[in-house]
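Novice:
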Amino acid sequence: MPQKPQVLLDGLAYVESPRWHEDRLWFAHWGAGEVVAVDLDGRSEVVAPGPPGLGWSIDWLPDGRLLTTGPELTRHEPDGRRVRHADLSGVADHGWNEIVVDGRGNIYLDGAGFDFLGGGAPEPGIIALVTPDGAARTVAEDIEFPNGMVVTPDNSTLIVAESFAGRLTAFDITDDGGLTNRRVWADGIGPDGICIDAEGAVWAQAAEVRSVTGRDEDPAGVCIRLREGGQVLERIETEHDCFACALGGPDRRTLFLLTAVWRGIEQVDDAVADRTGRILTAPAPAPGAGWP
Numbered sequence: 001m002p003q004k005p006q007v008l009l010d011g012l013a014y015v016e017s018p019r020w021h022e023d024r025l026w027f028a029h030w031g032a033g034e035v036v037a038v039d040l041d042g043r044s045e046v047v048a049p050g051p052p053g054l055g056w057s058i059d060w061l062p063d064g065r066l067l068t069t070g071p072e073l074t075r076h077e078p079d080g081r082r083v084r085h086a087d088l089s090g091v092a093d094h095g096w097n098e099i100v101v102d103g104r105g106n107i108y109l110d111g112a113g114f115d116f117l118g119g120g121a122p123e124p125g126i127i128a129l130v131t132p133d134g135a136a137r138t139v140a141e142d143i144e145f146p147n148g149m150v151v152t153p154d155n156s157t158l159i160v161a162e163s164f165a166g167r168l169t170a171f172d173i174t175d176d177g178g179l180t181n182r183r184v185w186a187d188g189i190g191p192d193g194i195c196i197d198a199e200g201a202v203w204a205q206a207a208e209v210r211s212v213t214g215r216d217e218d219p220a221g222v223c224i225r226l227r228e229g230g231q232v233l234e235r236i237e238t239e240h241d242c243f244a245c246a247l248g249g250p251d252r253r254t255l256f257l258l259t260a261v262w263r264g265i266e267q268v269d270d271a272v273a274d275r276t277g278r279i280l281t282a283p284a285p286a287p288g289a290g291w292p
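Per our numbering, the sequence shown runs over residues 1 to 292.
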């Protein structure tokens, strides 16, 4: 039986975009408009402001400056200012959700292409690239609600969660940062925020949730460890819906699970006010690798 995850921090709103950075887990605290960092003893602090509302993420430039997505891509300067990092107006007119900065300093962003939180009609999304010189362009289209992304340790492959399609999709990364050779990495799942380990396995969310079975005794969230092709290696159940996961700790063998009660778009404000968000931890069989 897999070990039951332990609560590290609770009483939060929605929690997303976990990143292990400078010996702490940093995450986007949706609904509170803040970036929070917590250590392994559960001591937390607000470390930076974030956009209001939901649907934004964090990562870092190679020089250590924090990036946040949202209506635009912003950079946090050492003096506390938030400035626009790159002009993406010529790429898309919507906001940006997930972000990953690879080992060469290339920034990958994705956007849904419609107003998900406002109840807009679903449309395919895109992945955009911002290169170290600030140039921005679209590198992938027709992504069915793009969500979490990871880059393999050798900078050769980007894997993106297509939440509405229930699959992970992989691309080869070209020398100039472009994406090619699109293929299904695993399907039949319910991916959101994902992470990758040193054995090439990805932690992602499973498709089965309480809303499917209708039984109160069933877990609301299930996080699974997958090989390419979809073989399930590990399974961890959580009391609430699991929105994202990350590998961290001194040896990157701690799995962080970010959970909260999800009641649908119509009840987002009530769910934020209920503060069901939690950071959970569980031991992982292989250390984290790649980016983020």
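Ideal placement from N, C-alpha and C gives every residue a C-beta, glycine not left out.
Fair warning: this is a prediction, and the values are worked out from it, not measured in the lab.
Indicate whether the contact test is met: 3 or more Cβ pairs, each with one atom in the region 167 to 181 and one in the region 119 to 126, closer than 8 Å.
Specialist: no
Novice: On a Cα-Cα basis, can you pick out the residue from R252, A260, R183 that is closest to A271?
Specialist: In the sequence shown, residue 271 corresponds to position 271, counting from 1. A check of alpha carbon separations from A271 across R252, A260, R183 identifies A260 as the nearest.
Novice: Is V272 helix, strand or coil by DSSP?
Specialist: Looking up residue 272 in the sequence shown gives position 272. Helix at V272.
Novice: Relative to the C-alpha of A140, which residue among P153, V150, W56, P124 is closest?
Specialist: To locate residue 140, count along the sequence shown from 1; it is residue 140. It is P124 whose Cα lies nearest to the Cα of A140.
Novice: I'd like the list of long-range same chain contacts for D269, defined as Cβ closer than 7 Å, with 5 residues on each side in sequence excluded.
Specialist: Within the sequence shown, residue 269 is the residue found at index 269, counting from 1. Answer for D269: no residue qualifies.
Novice: Kindly list the residues whose CB is nearer than 6 Å to the CB of G277, restricted to its own chain and excluding five residues on each side of it in sequence; keep chain order.
Specialist: Numbered from 1 along the sequence shown, position 277 holds the residue referred to as residue 277. The answer, listed in chain order, is L12, A13, Y14, V15, A260.
Novice: Would you check if the distance between the CB atom of W30 and the CB atom of G70 is smaller than 8 Å?
Specialist: Here the question's residue 30 lines up with position 30 in the sequence shown. Here the question's residue 70 lines up with position 70 in the sequence shown. No, Cβ-Cβ distance for W30 and G70 is not below 8 Å.
Novice: Looking only at DSSP bridge pairs, what is D241 linked to?
Specialist: Within the sequence shown, numbered from 1, the residue matching residue 241 stands at position 241. Per DSSP, A260.
Novice: Let me check understanding here. Comparing Cα to Cα, which of D10, P285, A128 lies closest to D93?
Specialist: Here residue 93 refers to the residue found at position 93 when the sequence shown is read from its first residue. Checked all of D10, P285, A128; the closest Cα to D93 is A128.
Novice: Output the distance between the C-alpha atoms of G148 and L158, rounded to the nearest integer angstrom.
Specialist: Locating residue 148 in the sequence shown gives position 148, where the first residue counts as 1. Locating residue 158 in the sequence shown gives position 158, where the first residue counts as 1. Straight-line Cα distance between these residues: approximately 11 Å.
Novice: Using a Cβ-Cβ cut-off of 8 Å, state whether E162 counts as contacting chain D.
Specialist: Judged by its chain identifiers, the structure shown contains no chain D, having just a single protein chain.
Novice: Determine the closest residue to P146 out of N155, P153, A161, A135, with distance taken between C-alpha atoms.
Specialist: Translated into positions along the sequence shown, residue 146 becomes position 146. Minimum Cα distance to P146 is reached at A161.
Novice: Roughly how far, in whole angstroms, is the beta-carbon of A201 from the beta-carbon of L226, given that I think they are within contact range, below 8 Å?
Specialist: As a first step, residue 201 must be located in the sequence shown, where it is residue number 201. As a first step, residue 226 must be located in the sequence shown, where it is residue number 226. A201 to L226, Cβ: 6 Å. Contact.
Novice: Output the boundary residues of the beta strand (DSSP E) element that contains W56.
Specialist: Taking the first residue of the sequence shown as position 1, residue 56 is located at position 56. Element bounds for W56: n/a, residue is neither H nor E.
Novice: Cβ of T152 within 8 Å of Cβ of I224?
Specialist: One-based indexing of the sequence shown puts residue 152 at position 152. One-based indexing of the sequence shown puts residue 224 at position 224. Contact flag unset, no.
Novice: Please confirm whether S163 and D192 have their CB atoms less than 8 Å apart.
Specialist: Here residue 163 is taken as the residue at index 163 of the sequence shown, counted from 1. Here residue 192 is taken as the residue at index 192 of the sequence shown, counted from 1. The answer is yes: Cβ separation under 8 Å.
Novice: Go to L8, then tell me how far its beta strand (DSSP E) extends in each direction, as first and last residue.
Specialist: If you number the sequence shown from 1, residue 8 lands on position 8. Counting along the chain, the beta strand (DSSP E) containing L8 begins and ends at 6 to 12.
Novice: Considering only their Cβ atoms, is the gap separating W60 from H21 smaller than 8 Å?
Specialist: In the sequence shown, the residue the question calls residue 21 occupies position 21. In the sequence shown, the residue the question calls residue 60 occupies position 60. Yes, these two residues count as a Cβ contact at 8 Å.
Novice: In this structure, does DSSP put S211 in helix, strand or coil?
Specialist: Translated into the one-based positions of the sequence shown, residue 211 becomes position 211. Since pLDDT at S211 reaches only 49, below the 50 mark, its modelled position is unreliable, and no value is offered.
Novice: Could you tell me which uninterrupted beta strand (DSSP E) segments, each at least 3 residues in length, are contained entirely in the region 31 to 78, listed from first to last along the chain?
Specialist: Runs of the beta strand (DSSP E) spanning 3 or more residues and lying entirely within the region 31 to 78 occur at 34 to 38, 44 to 49, 58 to 60, 66 to 68, 74 to 76, in chain order.
Novice: DSSP has E228 in a bridge; who is on the other side?
Specialist: Stepping through the sequence shown from its first residue, residue 228 is reached at position 228. For E228, which the question treats as bridged, DSSP gives no partner whatsoever.
Novice: Whose CA, out of G113, L258, H76, R43, lies closest to the CA of G241?
Specialist: The residue given as residue 241 occupies position 241 in the sequence shown. Note on residue identity: the sequence assigns Asp, not Gly, to residue 241. For the residues G113, L258, H76, R43, the minimum Cα distance to D241 belongs to L258.
Novice: Pull up the DSSP beta-bridge partners for V83, would you.
Specialist: Numbered from its first residue, the sequence shown carries residue 83 at position 83. Per DSSP, R75.
Novice: Rounded to whole angstroms, what is the Cα-Cα separation between D175 and G134?
Specialist: Here residue 175 is taken as the residue at index 175 of the sequence shown, counted from 1. Here residue 134 is taken as the residue at index 134 of the sequence shown, counted from 1. Near 16 Å, if we compare the C-alpha coordinates of G134 and D175.
Novice: Just curious, the beta strand (DSSP E) that F164 is in, first and last residue?
Specialist: Residue mapping note: residue 164 aligns to position 164 of the sequence shown, counting from 1. No beta strand (DSSP E) contains F164, which DSSP labels as neither H nor E.
Novice: Taking buried to mean at least 16 other C-beta atoms within 10 Å of its own C-beta, is V46 buried or exposed?
Specialist: Here residue 46 is taken as the residue at index 46 of the sequence shown, counted from 1. It is exposed - the Cβ of V46 has fewer than 16 other Cβ atoms within 10 Å.
Novice: Should V35 and L9 be called a contact, given that it needs their Cβ atoms to be closer than 8 Å?
Specialist: Position 35 of the sequence shown, counted from the start, is the residue given in the question as residue 35. Position 9 of the sequence shown, counted from the start, is the residue given in the question as residue 9. Going by beta carbons, V35 and L9 fall outside the 8 Å limit.
Novice: Where A246 and A32 are concerned, what is the direct C-alpha to C-alpha distance, given to the nearest angstrom?
Specialist: Looking up residue 246 in the sequence shown gives position 246. Looking up residue 32 in the sequence shown gives position 32. So the alpha carbons of these two residues sit roughly 21 Å apart.
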